[in-house]
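Mapped onto our numbering, the consecutive letters of the sequence shown carry residue numbers 19 to 220. What follows is a short report on a single structure.
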Amino acid sequence: MEYKNLTDNELVEKSLEEDEEAFKEIIRRYQKKVFSIAYKHSYNTETSYDLSQEIFAKVYLNLRKFNPEFRFSTWIIRLGTNHCIDHLRKKRLQTISYETTFRNEDDEFSNLPIPDESYNPETLWEENELQEKLQKAVEELPDIYREIIILRHYEEHSYKEISELLDLPLGTVMTYLHRARNMLKEYFFEDSKEEEDLNEEK
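Below is the structure:
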């Protein structure tokens, strides 16, 4: 049997029947994509290999939860992305660029503070603090908004690609992205206001 000629859904069915070769084909088919997702979240080759193995283990254990009415590629990307985010939450890695996330075609967030690029200790501390805040803010977004922010600003997918990956209309993707950006902007505005209030109390 030529497993490479089978569809994703056929491979899933055979994997559920404990066909090891079928799942090996799933790994061969998606190993580059999964590694890419892991690397873009960790920026570390060894960690990315570990995360990739964990993701495929999770894929295998959750195959029965896959709904064949949807694309398998969307499902595995979503599962992999969420696993990496969980890893970052535990390790508190600073992996998402503050400036890139808040930059869009309309310069909608040009009024937000961007860390200075000089590398003195104080500036680095401030930049790391901003990235920590951004990571926390992204983690707290509703799942669909978090996925769209990551796909657009972190993995640099086009609107059309995001639409296809998540099986959402193009207009819905743009609407959700706009809402997600507003939620992040509101998070930083409220955080800054709380700091100002604390400083005034002192």
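For glycine and all other residues, C-beta sits at the position ideal for the given N, C-alpha and C.
Residue environment analysis places PHE74 among the buried positions, since at least 16 neighbouring C-beta atoms fall within 10 angstroms of its C-beta. In terms of Cβ geometry, ILE103 and TYR48 do not form a close pair [threshold 7 Å]. Under the rule that a run must span 4 or more residues, the alpha helix (DSSP H) segments found entirely inside the segment 45 to 81 read 63 to 79. In the DSSP annotation of this structure, the continuous segment of the alpha helix (DSSP H) that includes ASN27 starts and ends at 26 to 34. Here THR92 has LEU183, LEU184, ASP185 as same chain residues with Cβ atoms under 7 Å from its own Cβ, once five neighbours each way along the sequence are excluded. PHE90 carries a helical assignment under DSSP once its states are collapsed to helix, strand and coil.
Residue state for GLU173 is assigned as coil, using DSSP reduced to three classes. When LYS151, GLU173, SER176, ASP161 are compared, the shortest CA-CA separation from ARG197 is found for ASP161.
Taking all protein chains shown into account, PHE90 has 16 or more neighbouring C-beta atoms within 10 Å of its C-beta and is therefore buried. When only Cα atoms are considered, ALA40 and HIS175 end up about 29 Å apart.
Here ARG107 is exposed. Its C-beta has fewer than 16 other C-beta atoms within 10 Å.
Burial state of LYS50 is exposed, judged by a 10 Å Cβ sphere holding fewer than 16 other Cβ atoms.
Note on GLN153: 16 or more other CB atoms within 10 angstroms of its CB, so buried under the neighbour-count rule.
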